[in-house]
Amino acid sequence: MRVCPNCRKNVAEREYCENCGYKFPEGGGKRKRRGILAGLAWGGATLAALVLMCFVLLRPRAGFEEIQRRALIDPALELAKAALEFAESPELSADLTLTADCDDFLLSRVLAGSGAALKLEIGDGDALVNGAVTVMGSTALTGYVTLRDGRLGFALPQADGKYYSGAALTLPEVDAEDLSGRLERCADILFEAVNERNLAVYEKEELRLEALGRSFTGTRYVFEPSPAETEAAVAAIEEELGVSLPVPDGFVWSLCAEGTKLRSLAFSAEGAEVVLEAYGTLKKGMEAAWTLGYNGFTTTVKGTLRLEGRRLSGAYAGDGFGGTFALGGGEPLDVTLALEGDPLGVGIDGLSFALVSSAPSTAREPEGEPEDISGYTLWEVLELAGGLLEDLAEDISYEMGGMF
C-alpha cells in the first residue's frame with residue numbers, strides 16, 4: 001500500500017491511483033530503500049569519524065604508555081612475578097662463596113685466605129642454611145639455621161656447641177598470582193590518570209641528555225596531574241595494595257623518546273627530582289646515567305652496560321667513586337665488583353669482590369647438643385642468638401689481639 005499525494009487515500013502499489021487516477025512517478029517504490037541505505041552510509045561515516053577522533057585524541061596517551069610499558073614496566077612486572085613465584089614456592093640448592101682482594105700487598109695476602117660462604121638447601125616448605133667466615137685460612141665462625149615443619153632451629157658451634165630447635169615460626173603466605181595482578185592494576189591506575197588535559201606532547205624536538213651529553217630529535221611527553229588527580233590515583237593504589245602512601249605535592253612525570261625508544265625518564269615532586277638517561281642498546285653497548293637533585297644539591301652516577309650472551313658487564317663512576325662490574329647469568333652464578341680508589345673511606349685502594357655459586361648445595365645438618373626452645377617466641381629466639389654472637393665476637397677479638 002501507498003498514500004496517493006493527490007487524494008490522500010491508501011491505495012495499492014500500481015502505476016495509477018485507483019481512486020482518482022493520479023499517475024505515480026516512475027521508481028517511486030524504491031525511494032524508501034535508498035533512504036535506508038543512505039542512512040546506513042551516513043551512520044557508518046559518523047562512526048568512523050568518531051573512532052578516528054578518539055584515536056587522534058588518545059594517541060599521545062598511547063605513546064606515553066606504550067613506550068614505558070615496553071622499556072620498563074613490562075620487564076619489571078615479569079621480574080616481580082618471577083620473584084613472587086619463587087617466594088610462593090621456593091626451590092634452591094646452591095653454595096655461595098664471597099671473596100675479596102685489594103691493591104695493598106700485605107692486606108691482599110690476608111684477604112687471599114679469607115672469605116665467607118653460604119650454603120642453601122630450600123624446598124617443600126623446609127630450609128637448611130649453613131654459613132661460615134674464614135680469616136687467614138682459619139674458620140672464625142660457623143652457623144646453622146633450620147626450618148622443619150614450621151619449627152625454627154639454629155646452632156653456633158663456636159659459641160656453646162648447642163643446637164637450639166623447636167621454636168614455632170609461621171611464615172606469611174604468598175599468593176604470586178594475586179600480588180602480580182595487583183601490581184599490574186597499579187600500573188593501569190597510573191596510566192588511566194593520563195588524559196588530554198594533563199599530558200603535553202612536543203613532537204620533533206631537538207632533545208639533549210644532559211648527563212650523557214647526547215642529542216637527538218624526538219618526542220617529549222610531560223604528564224602533570226592536578227592535586228586532585230594525584231590524590232585519586234594514590235588512593236586507588238592504596239586500596240589495591242592495602243598500604244598507606246604519601247601524596248606527592250607538585251608531581252611531574254616526563255619522558256623523552258627517539259621514535260619508540262625511551263631515552264630519558266624524570267620524576268619531580270616537593271623539590272626533589274630523579275632523572276634516568278639511557279642511550280644505545282645492551283647488545284651493542286649502552287650508556288646510562290642516574291641523577292638525583294634536591295633543593296639545589298645534585299649528584300650523578302654514569303655508567304656503561306653491555307650484554308654478551310647471558311653475561312652483563314660494565315663500568316660506573318660518580319662523585320669520588322667508580323669501578324667495574326660483571327654479572328654472569330645462569331648457573332653457576334658469577335658476580336664481580338671492583339672499586340676504584342677508596343670510595344668506602346677505609347684507607348684501602350682497589351677493593352674488589354667476587355661472588356661465585358655452585359650447585360647442588362653441600363649444606364649439612366647442624367651438630368651439637370639438642371636444646372628445646374619450643375616455648376620461645378621469635379623475638380626471644382633472636383635475642384638468644386644475638387647474645388651468643390656478641391659473646392663470640394668478644395672472644396674472637398680477644399684471641400686475635402684486638403684486630404676486630
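Residue 1 is where the sequence shown starts when you use our numbering, and the numbers rise one by one after that.
Glycine included, each C-beta is placed from N, C-alpha and C at the ideal position.
Gly101 versus Trp290, Ser93, Val110 and Asp95, residue with shortest Cα-Cα distance: A small fix is needed here, since residue 101 is Asp in this sequence, not Gly. The shortest C-alpha separation from Asp101 is found at Val110.
Leu312 versus Val356 - alpha carbon distance: 15 Å
Check whether Glu210 and Thr217 have beta carbons under 9 Å apart: no
As assigned by DSSP and simplified to three states, the class of Arg310: Arg310 falls in the coil class under three-state DSSP.
Own chain partners of Arg2 with C-beta closer than 7 Å, once the 5 adjacent residues on each side are dropped: Val11 and Glu13
Close beta carbons around Lys9, own chain, < 8 Å, minus the five adjacent residues each side: Result list for Lys9: Val3, Cys17, Asn19 and Cys20, in chain order.
Exposure of Asn130, with buried meaning 16 or more beta-carbon neighbours within 10 Å: buried
Nearest to Thr291 (by Cα), restricted to the options Val274, Leu382, Lys23 and Leu351: Val274
Endpoints, beta strand (DSSP E) assigned at Cys256: Val252 to Glu258
Endpoints, alpha helix (DSSP H) assigned at Gly181: Counting along the chain, the unbroken alpha helix (DSSP H) around Gly181 starts and ends at Ala176 to Glu192.
8 Å CB neighbourhood of Gly322 in its chain, flanking five on each side removed: Ala315, Tyr316, Leu339, Glu340, Gly341 and Pro343
Met136 - partner residues in DSSP beta bridges: Beta-bridge pairing links Met136 to no other residue.
Buried or exposed by the 16-neighbour rule on C-beta atoms within 10 Å, applied to Ser244: exposed
Bounding residues of the alpha helix (DSSP H) (the contiguous stretch that carries Phe105): Phe105 to Ala112
Length-filtered (4 minimum) alpha helix (DSSP H) runs lying within the region 205-247: 227-241
Sub-9 Å separation of Leu96 and Lys119 beta-carbons: yes
C-alpha gap between Gly161 and Ala385, whole angstroms: Looking at the backbone, the Cα of Gly161 and that of Ala385 are separated by about 13 Å.
Residue from Gly115, Ala233 and Gly375 whose Cα sits closest to the Cα of Pro248: Nearest of Gly115, Ala233 and Gly375 to Pro248, Cα basis: Ala233.
Proximity of Phe223 and Leu241 at Cβ, strictly below 9 Å: no
6 Å CB neighbourhood of Leu179 in its chain, flanking five on each side removed: Leu84
Check whether Leu152 and Arg364 have beta carbons under 9 Å apart: no
Cβ-based neighbour list, Phe55, same chain, cut-off 8 Å, excluding 5 preceding and 5 following: For Phe55, the predicted structure reports a pLDDT of 37, less than 50, and the residue's modelled location is therefore unreliable. A value from the coordinates is still provided. Cβ neighbours of Phe55 beyond the five flanking positions: none.
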